[in-house]
Structure formats: C-alpha cells, structure tokens
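In this note's numbering, the protein residues as written are 1265 to 1395.
Think of the CB as a built atom: it goes at the ideal place given N, C-alpha and C, for glycine as much as any other residue.
Before any comments, here is the structure.
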Amino acid sequence: MHSDPIADLLTRIRNGAQAHLDSVVIPHSKIKVEIVKILEAEGYLTGHEVSTEAKFPTIKAHIRYDAKRKPLINKIRRVSKPGLRVYKPCGELRPLRSGLATRILSTSQGLMTDREARRRQIGGEVICEVF
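Quick look at the structure:
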C-alpha cells in the first residue's frame, strides 16, 4: 500500500523516461487517469491505455521522446504532499520558466493546468510541476 499514489505515478513516469522505456504501467485510479490525460494533452506523453483485464486495473502510459531519443520530460516533481498541502489562489499562479513548464492543479472544477486555471480565474491545490 502506498501512502502517496500520485507521487508513485510521477516516479514511475520519471524512472521510465530516464530508462528510455516506451511505456510504463501504473495502478489505476480516477485521479491518475486525469493526470495522465493532462500530460498527454500537454505533449509529454504520446498516449495511454486503461486495461481492466487483470484483477486490478492498470494504466499504460506511453512516454514521448524527441528525434534524438531524449525524453520531453526533463523534470517532474510533486509539489503538494500529504504532509504539506500547497494551495495557490489565481493571483499567485504565475507562469513557470517563461510559460514552458506546466503545473497541474486540483480545483473545484476538476484537474487542470495552471494556464486553464488562470483563464477561468480560479485557484487550487498544486499537484505537480512538469518541464
């Protein structure tokens, strides 16, 4: 049993990218599927598949690489942890790395990127940062 399943998801993706794996298998949950969908929409992953064939469902996330086989995910880190939650109002959501990095937020309207949260004028819990 993991105490922080989102950190486990991010670690599996980070380790898979460093090992130049084509895809990684992650235990299924609704929030993990939403995070993977956001990473796919932002261009860090090429796709994902949800498998319910086994006893426990899994997510297979396909990692994206550039032409030189370098992963597009340089750094992926958990910001808000179970022991220290980090909340940001809309006014404090400034672009990271001149807008090249992406924050994933958990808001009252669901999971979204920091760009989408600024557009909707809402804040929330900062789940992770990716660049």
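Q) Going by C-alpha distance, which of K1352, L1364, T1366 is nearest S1372? A) Within the sequence shown, residue 1372 is the residue found at index 108, counting from 1. Comparing Cα-Cα distances from S1372 to each of K1352, L1364, T1366, the minimum goes to K1352.
Q.
Count Cβ pairs between the stretch 1342 to 1356 and the stretch 1325 to 1333 that sit closer than 8 Å; are there 3 or more?
A. no
Q: Look up T1316 in the DSSP assignment and say whether it is helix, strand or coil.
A: By one-based count along the sequence shown, residue 1316 stands at place 52. Three-state result, T1316: coil.
Q: To the nearest angstrom, report how far apart R1333 and I1340 are at their CA atoms.
A: For the purposes of this step, residue 1333 is taken as residue 69 along the sequence shown, with counting starting at 1. For the purposes of this step, residue 1340 is taken as residue 76 along the sequence shown, with counting starting at 1. Answer to the nearest angstrom: the Cα atoms are 18 Å apart.
Q: Determine the contact status of I1323 and V1297, defining contact as a CB-CB distance below 8 Å.
A: Along the sequence shown, read from residue 1 onward, the residue named residue 1323 stands at position 59. Along the sequence shown, read from residue 1 onward, the residue named residue 1297 stands at position 33. Yes, the Cβ-Cβ distance between I1323 and V1297 is below 8 Å.
Q: Could you tell me whether the stretch 1372 to 1389 touches the stretch 1268 to 1276, using the rule of 3 or more Cβ pairs below 8 Å?
A: no
Q: Would you list, in sequence order, the uninterrupted alpha helix (DSSP H) runs of no fewer than 4 residues that lie entirely inside the stretch 1309 to 1387?
A: 1378 to 1384
Q | Backbone CA spacing between I1302 and H1292 [nearest angstrom] | A | The residue you call residue 1302 lines up with position 38 of the sequence shown. The residue you call residue 1292 lines up with position 28 of the sequence shown. Going by the C-alpha atoms only, they are around 15 Å apart.
Q.
So the candidates are L1336, G1311, I1295, F1320; which of them puts its Cα closest to the Cα of A1365?
A. Counted from its first residue, the sequence shown places residue 1365 at position 101. Answer by Cα proximity: L1336.
Q) Do we get a CB-CB distance below 8 Å when we pair K1332 with the residues of chain B? A) Absence of chain B from the displayed structure is noted, only one protein chain being present.
Q | E1304, DSSP secondary structure in three states | A | As a first step, residue 1304 is located in the sequence shown; it is residue number 40 there, counting from the start. Of the three classes helix, strand and coil, the one that applies to E1304 here is helix, per DSSP.
Q: Let me know if R1367 comes out buried or exposed under the rule of 16 or more other beta-carbons within 10 Å of its beta-carbon.
A: The count along the sequence shown starts at 1 and reaches residue 1367 at position 103. By the neighbour-count rule (16 or more Cβ atoms within 10 Å), R1367 is buried.
(Q) Can you list, in chain order, the residues of its chain with a C-beta nearer than 7 Å to that of S1315? Leave out the 5 residues immediately preceding and following it. (A) Counting from 1 along the sequence shown, the entry for residue 1315 is found at position 51. Cβ neighbours of S1315 beyond the five flanking positions: P1321, T1322, K1324.
Q. Looking at the unbroken alpha helix (DSSP H) that takes in D1272, where does it start and where does it end?
A. Here residue 1272 refers to the residue found at position 8 of the sequence shown. D1272 -> alpha helix (DSSP H) spans 1269 to 1282.
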